[in-house]
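Input: a single structure, listed below in structure tokens.
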Amino acid sequence: MATDKESGARVRFGLVSWSDILWLTAISSTLLLTLLPFSSYIVSVPFVRDEWSMNNTEAAVVFSAYLVGSALSAVFLLPVTDRVPARKVLLASIVVMAVANVLFPLLARDIWTASLLRCAAGAGHVGAYIPGVRLVSLRFAGSMRGTAVGTFVSIGFVGTTGSYAFTGLLLDLTDSWRTAYLITSLVGLVGVAIALWVVRDRRSDEDMTNSPRSWGPDLRILKGGSILLLNLAYALHTAELYLARLWLPLLLVAALMESGREPGEAAVIAATWAGLMFMSGSVGVFLGGMLSDRLGRTAGAGVIFAVSGAVSFVVGWLLGAPLIVLIALGFVYGFATAADSAIYSTAATELAPANRIGSTQGVQNFIGFTVGAIAPILAGGILDIVEGAAGWGLAFGFNGLLAVAGLVSLWMLRRHPDASEMAEGRR
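Going by our numbering, the first residue of the sequence shown is number 3, and it counts up by one from there.
Dropping the structure here:
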């Protein structure tokens, strides 16, 4: 295995090998394909909500069950990567996620069975995503680390966001949401096959000699304050992102129905537009990683939070506006809510002690996904209590407040002495 220093030298002088590029392409494709069913539930909500007689809050609970699974996986599974090679954890998690996604359209019949299966899929998601970030960070060191991680994360976003359009297209071509969901999940199984090849490469394996004795998360990493502030910013980013992921497509459905479209037609059109909007976030993640390499992690994330927060305060009030206005702003929203995703993952590997990276990532994602699971449900509660355009405006205004809080936490992190460890001193 190449050392961090040697890898950094290869990257700095533009000598990244073709095998490195092929490996990055393969591990990124694995994530893309297995995440393809991620948004299938969101696209299906207009049909599932009626079929299972759910209100907005209950529909959000099923959505957030995925994030609960992600949080549990983060706190119990990710610390294992400090003792077990991350590639092995990645493969096991990919299998769990793929199987849970296939079973959802076959077995889900109510809020409880649906939530259980989505919880399992969410657990697999984090168990694949975070070890993947770790593997990429170890393989690509130096000034290109943020770009490499950004590439991996952005391609994963193509999976979660392309899911909207792909499932929406299948809804238009098949007889039910279950058929569309199942086909999407079966395509995702291809990612398992690619993962089997990826895990054969051991060059990103780490020396486990000084691994911690405990198999659980090490909360002592929060004592210095810098990782705690980073985790707070990440939690607010996660909450903002997933609130938008669930409710922006449904805002589009409401706007299309307001303009005279039938519910089924509105759902298909909204899924297509939402997929394109959030897919722009995959470019945003890549550019966000590059921006943070140049400006620093806190400055890069702060610029992105400012843009997404500004859109949040406006977009919910556009229910009666011309659709072209809502769609245009939706593209900005999809780009900005995702663009800082790789920044927090990269910063965690920079601030964490060398033998506590898995524990640091576990704590970060537990906090992030726990807060992220709550935000969409609160927004659903607002929509159940306040009907009409005002409900949408207040729900997305709440998302804007999350962005403001995120800016404050980033400002505090930038002033922390440990911030100099990020982005080669650019904080």
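In this text, a Cβ means the ideal position worked out from N, Cα and C, and glycines have one as well.
- With respect to the C-alpha of Ala269, the residue from Met281, Val255, Ala349 having the closest C-alpha is Val255.
- Here the stretch 236-250 makes contact with the stretch 340-359; the two share three or more CB pairs at distances below 8 Å.
- Here Pro87 carries a coil assignment [DSSP, helix/strand/coil].
- Cα atoms of Tyr166 and Ser95: separation of roughly 23 Å, rounded to the nearest angstrom.
- Contact check for Val128 against Val138 fails: the beta carbons are separated by 8 Å or more.
- DSSP, reduced to helix, strand and coil, places Gly390 outside both helices and strands of the structure shown, so it counts as coil.
- For Trp319, the closest C-alpha among the options Thr176, Ala354, Phe371, Phe398 is that of Phe398.
- Counting of Cβ neighbours within 10 angstroms places Pro107 among the buried residues, the total reaching 16 or more.
- Assignment of Trp20 by DSSP, reduced to helix, strand and coil, places it in the helix class.
- Going by DSSP, Asn233 is part of the alpha helix (DSSP H) stretching over 228-260.
- Between the stretch 245-253 and the stretch 390-409, the count of C-beta pairs closer than 8 Å reaches three or more; the two stretches touch.
- Residue state for Phe40 is assigned as coil, using DSSP reduced to three classes.
- Shown here, Arg202 sits in coil according to DSSP, grouped into three states, outside any helix or strand.
- Here Glu389 is exposed, its C-beta having fewer than 16 other C-beta atoms within 10 Å.
- Put simply, of Ala350, Pro378, Leu396, Val309 the residue whose alpha carbon is nearest the alpha carbon of Leu415 is Ala350.
- Fully contained in the stretch 254-304 are the following alpha helix (DSSP H) runs of length 4 or more, in chain order: 265-297.
- Distances from the alpha-carbon of Val365 to those of Ala391, Thr153, Gly290, Leu231 put Leu231 closest.
- DSSP places Asp112 outside both helix and strand once states are collapsed to three, so it counts as coil.
- Inclusion of Leu409 and Gly304 in the CB contact set at 8 Å is warranted, their separation being smaller than that value.
- Trp394 is the residue among Asn103, Trp394, Thr372 whose C-alpha sits nearest the C-alpha of Gly382.
- Around Leu74, the same chain offers Ala125 as residues with beta carbons nearer than 7 Å, after the five sequence neighbours per side are excluded.
- About 3 Å separates the CB atoms of Leu35 and Gly193; that is less than 8 Å, so the two are in contact.
- Sequence-distant Cβ neighbours of Ser261 in its own chain, meaning closer than 8 Å and more than five residues away, are Leu325.
- Proximity to Trp179 across Phe154, Ala197, Pro48, Val91 peaks at Pro48, based on C-alpha coordinates.
- Within a 10 Å sphere around the beta-carbon of Glu60 sit 16 or more other beta-carbons, which makes this residue buried.
- Boundaries of the alpha helix (DSSP H) harbouring Asn58: 58-78, taken from the DSSP string.
- Between Thr348 and Arg147, the C-beta gap is smaller than 8 Å, which places the two residues in contact.
- For Gly161, the closest of Arg417, Gly286, Phe307, Phe40 by C-alpha to C-alpha distance is Phe40.
- Closest in alpha carbon position to Ile329, among Thr115, Phe280, Arg111, is Phe280.
- Between the beta-carbon of Ile132 and that of Asn367 there is about 6 Å, and that keeps the pair under the 8 Å contact cut.
- The count of Cβ pairs closer than 8 Å, one atom from the stretch 100-119 and one from the stretch 184-193, reaches three, so the stretches are in contact.
- Assigned with DSSP and collapsed to three states, Asp174 falls in helix.
- Gly190: member of the alpha helix (DSSP H) spanning 179-190, first to last residue.
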